[in-house]
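Read the first sequence against numbering that gives the first Met the number 0 and you will find it ends at 507, with the numbers running on by one and no gaps.
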Amino acid sequence: MINPIKTVRTRFAPSPTGFVHIGSLRTALFSFLYARKNHGAHILRIEDTDQNRLVEGAAENLVKVMREMGIEFDEGYYLADDGSLKERGNFGPYLQSKRLDLYQKHATELVEKGSAYYCFCSQERLDELRKEQTALKKPAMYDRHCKNLSEDEIKLKLIEIKGQKKNPVVRFAIPQEGQTTIHDLIYGDITYENKNLDDQVILKSDGFPTYHLAVVVDDHYMQISHVIRGEEWIPSTPKHLLIYKALGWEPTQFAHLPLILNPDKSKLSKRQGDVAVEDFLKHGYLKEGLLNFVAFLGWNPKTDQELFSLTDLIEQFDFSKVNKAGAVFDDNKLDWFNSQYIKKLTPTDLANLLKPYWQQSGISFQNFSDEYLATVAKLEQERLKKLSEIGERTAYFFKAPDYDAKLLIWKKSDAGDAKQKLSELANLLSTLTDDKFSNSNLETEIKKFIAEKKYDNGSVLWPLRTALTGQEKSPGPFEVCATLALGLGKKEVLKRLETAVSKLTVDV
RNA sequence: GGCGCUAUCGUCUAGUGGCUAGGACAGGUGGUUCUCAUCCACCAAACCGGGGUUCGAUCCCCCGUAGCGCUACCA
């Protein structure tokens with residue numbers, strides 16, 4: 000039944016209706032992983048059969064996001080250097096609106112075979128029917144009114160509707176007998192009674208196919224081997240199977256992925272937080288973190304390994320490791336994954352990634368050396384959960400901070416004491432030559448000073464650190480001091496200490 | 001209402017016909033520490049319920065229950 004020699008060809012087939020949903024990202028990832036793992040092809044097909052929901056630029060955006068995330072496609076659409084969408088592959092076009100003839104041809108074929116029929120029912124009648132059925136607590140299904148039309152009636156209706164410059168829809172005629180069972184690679188066998196399946200519209204009155212016809216036709220002609228999609232498609236899969244059968248085609252394999260859930264366990268949606276991949280990227284999540292996190296939603300390696308590169312994922316991915324229950328999207332875990340990947344970055348790479356966020360926060364970092372930026376980045380590296388947090392935290396590295404004089408006072412001390420310590424510190428630091436302003440040397444000197452004077456660490460280090468940063472929380476005073484001297488000079492360090500002293504004189 | 005899927009700590013999950021039911025995130029406590037973060041140690045935290053099958057069930061079966069999905073000329 001299953002031909003193991005057949006080449007693996009998977010596809011990701013989104014509708015260009017807006018942003019890229021995090022669920023789409025996972026589907027795309029899994030279909031990519033499976034294709035690569037099996038040395039097969041990964042295809043990008045765009046399903047634009049609903050003309051009412053099209054969003055301009057959505058397809059371009061989608062391709063761009065996929066590329067940014069490192070999910071590759073061997074066929075279908077890609078972004079050319081000039082930013083336009085180009086197509087490649089031998090099974091095109093890969094845009095459904097360019098394949099209308101093909102769908103119409105097969106819809107007609109199905110009608111001729113008696114596997115489908117024209118339906119002339121008005122929207123009003125359909126609405127009415129549904130209303131009645133729900134009122135009677137009956138299943139809401141099409142009543143096959145038009146299936147029972149005589150040949151003469153059909154001819155008449157056809158002429159009539161053409162006169163109104165309209166088209167009938169085509170419905171698939173579900174066999175009334177028997178069962179259809181799907182062999183899902185993740186969920187196993189699921190059997191449906193045919194009589195419970197609705198006669199789905201497969202060709203709309205605007206000449207476009209519905210999803211149900213389009214997937215079957217395209218997956219067949221594009222020689223797709225495995226359809227990987229969300230669990231919400233399970234109920235329509237038997238209909239697809241029946242269409243394959245009516246057309247005399249061999250169906251693809253199916254692997255349905257468990258849903259990704261909101262914290263309240265409903266299907267992940269906007270309005271309960273971010274679900275757009277673009278937004279996560281914009282907020283400073285690294286693609287490695289996002290990918291790793293998303294991969295663990297419904298899949299796990301069955302070992303204790305947590306951190307996975309794309310290569311690791313390709314190696315270890317398998318449908319047998321995908322579970323069936325939906326997975327709640329937990330942003331704590333996402334943050335953790337992200338911080339892990341931030342820690343792996345070299346300070347220089349981190350600084351480069353940080354530049355747009357400094358820009359966003361209105362920090363003029365452009366006049367500073369890359370070396371300095373890297374040093375600053377390194378100081379925040381272990382504190383960052385996402386890149387967008389960098390702004391306010393590092394502003395003091397670029398210009399003198401503004402703060403309340405009270406901040407300078409250590410919890411176990413008072414203003415007079417703080418002022419005194421700062422003055423002494425200023426004296427000490429002014430005696431140090433520039434080459435003595437290294438992190439380690441500063442630590443040695445200041446600790447020596449504290450020890451000689453028998454001071455508390457806190458009574459000295461707290462005022463020092465806050466005078467330099469203007470922040471309650473920050474990296475340690477020695478590294479801040481050394482970094483500041485590197486970027487803004489020893490002069491600036493001493494100036495900040497003076498400012499602090501005068502603040503304590505005037506304000507407290 | 002109909003059809004279907006699912007069910008282990010708050011969350012992601014591992015696991016087995018007999019284990020102190022394991023790990024990670026989050027939470028808590030302690031250590032390091034001027035602060036925050038990191039790091040380290042520790043703590044708390046789960047097998048949906050009821051029947052079977054069995055010497056023994058979290059695991060196998062049945063029935064409930066709950067949650068979710070689908071039920072469009074949307075995908």
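The C-beta atom is built at its ideal place from N, Cα and C for all residues, glycine as well.
*Under the rule that 16 or more other beta-carbon atoms within 10 Å means buried, what is residue 283, buried or exposed?*
buried
*For residue 9, three-class secondary structure by DSSP*: strand
_Buried/exposed call for residue 447, threshold 16 Cβ in 10 Å_ = exposed
_Other residues of its chain near residue 481: CB distance less than 7 Å, five sequence neighbours each side excluded_ = 436, 437, 438, 441
_Assigned exposure category for residue 369 - 16 Cβ within 10 Å defines buried_ = exposed
*Classify residue 255 as helix, strand or coil using the three-state DSSP reduction.*
strand
_Counterpart residues of residue 142 in DSSP-defined beta bridges_ = DSSP lists no partner for residue 142.
*Note down, in chain order, each residue of its chain lying with its Cβ closer than 7 Å to the Cβ of residue 26, except the 5 sequence neighbours on either side.*
11, 227, 228, 229, 256
*Taking the alpha helix (DSSP H) that residue 168 falls in, what are its first and last residues?*
Taken as a continuous stretch (DSSP letters only), residue 168 belongs to no alpha helix (DSSP H), being part of the beta strand (DSSP E) at 168-171.
*Would you tell me roughly how many angstroms separate the C-alpha atoms of residue 242 and residue 195, rounded to the nearest one?*
16 Å
*Skipping 5 residues on each side, what residues in its chain have a beta carbon closer than 8 Å to that of residue 78?*
59, 62, 63, 66, 84, 85
_residue 43 versus residue 371 - alpha carbon distance_ = 43 Å
*For the candidate residues 459, 445, 428, whose alpha-carbon lies nearest to that of residue 491?*
428
*Shortest alpha-carbon distance to residue 351 belongs to which of 150, 386, 305, 197?*
386
_For a quick check, are the C-beta atoms of residue 169 and residue 117 less than 8 Å apart?_
yes
*From residue 113 to residue 188, what distance separates their C-alpha atoms?*
28 Å
*Start and end of the alpha helix (DSSP H) containing residue 480?*
476-487
*Since I believe residue 414 is in contact with residue 496 (beta carbons under 8 Å), could you give me their beta-carbon distance rounded to a whole number of angstroms?*
No, residue 496 and residue 414 are not in contact; Cβ-Cβ is about 15 Å, not under 8 Å.
_Considering just the uninterrupted stretch of the alpha helix (DSSP H) at residue 129, what are its terminal residues?_
122-134
*For residue 142, collect the residues of the same chain with a Cβ closer than 8 Å to its Cβ; drop the 5 residues on either side in sequence, then sort them by chain order.*
128
*Closest by CA to residue 342, which one among 312, 331, 367, 377?*
377
*Give a yes or no on contact between the stretch 122-139 and the stretch 214-226, applying the rule of three or more CB pairs nearer than 8 Å.*
no
_Tell me which residues share the same chain as residue 354 and place their Cβ nearer than 8 Å to its Cβ, disregarding the 5 neighbours each side in the sequence._
364, 372
*Whole-angstrom distance between residue 404 and residue 262, CA atom to CA atom*: 43 Å
*Please name the residue, chosen from 346, 476, 389, 417, that lies closest to residue 362 on a Cα-to-Cα basis.*
389
*Using the C-alpha atoms, what's the distance from residue 322 back to residue 6?*
25 Å
*asked:* Taking the straight line between their C-alpha atoms, what separation do you get for residue 268 and residue 274?
replied: 7 Å
_If you reduce the DSSP assignment to three classes, tell me which class residue 399 lands in._
coil
_For residue 15 and residue 266, the rounded distance between their alpha carbons_ = 20 Å
*Is the beta carbon of residue 109 sitting closer than 8 Å to the one on residue 245?*
yes
*Helix, strand or coil: how does DSSP classify residue 44 here?*
coil
_Going by beta-carbon coordinates alone, are residue 318 and residue 185 separated by less than 8 Å?_
yes
_At the level of alpha carbons, what is the spacing between residue 509 and residue 332?_
The question about residue 509 has no answer here: the residues shown for the chain are numbered 0 through 507.
*First and last residue of the beta strand (DSSP E) that includes residue 162?*
Element bounds for residue 162: not the beta strand (DSSP E) but the alpha helix (DSSP H), 150-162.
*How is residue 38 classed by DSSP in three states: helix, strand or coil?*
coil
*Please report the residue range of the alpha helix (DSSP H) in which residue 271 lies.*
No alpha helix (DSSP H) holds residue 271; DSSP gives it neither H nor E.
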